[in-house]
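Below is one structure, written out as structure tokens; comments come after it.
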Amino acid sequence: MKVKTWIYFLLIEIFHLLNKKFFKLHFQQGKSLSQIAKELGICRERVRQTKQLLLRKIKI
Numbered sequence: 100m101k102v103k104t105w106i107y108f109l110l111i112e113i114f115h116l117l118n119k120k121f122f123k124l125h126f127q128q129g130k131s132l133s134q135i136a137k138e139l140g141i142c143r144e145r146v147r148q149t150k151q152l153l154l155r156k157i158k159i
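Numbering follows my numbering, with no gaps: position 23 of the sequence shown is 122.
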């Protein structure tokens with residue numbers, strides 16, 4: 100497998116894991132966007148964008 104292909108699949112897997120983590124923190128545990136951002140080490144705006152992306156994916 101080429102290195103670029105391996106990196107691509109690794110990045111996709113990381114993206115899916117972060118989405119799963121976000122979904123659990125926000126929708127199951129009821130944490131705020133700020134709390135999630137702090138826990139994941141990313142900015143609140145990125146968390147908000149992730150939420151919007153997930154909601155579009157599940158058509159809410």
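Note that CB positions come from ideal geometry on N, CA and C, so glycine has one too.
- Residue burial is scored here from C-beta neighbours: residue 157 has fewer than 16 other C-beta atoms within 10 angstroms and is therefore classed as exposed.
- Following the DSSP letters along the chain, one finds residue 131 in no alpha helix (DSSP H), marked with neither H nor E.
- The criterion of a C-beta distance shorter than 8 Å is satisfied by residue 132 and residue 143.
- Just so you know, the alpha carbons of residue 104 and residue 111 end up roughly 11 Å apart.
- A buried status is given to residue 135, since no fewer than 16 other beta-carbon atoms sit within 10 Å of its beta-carbon.
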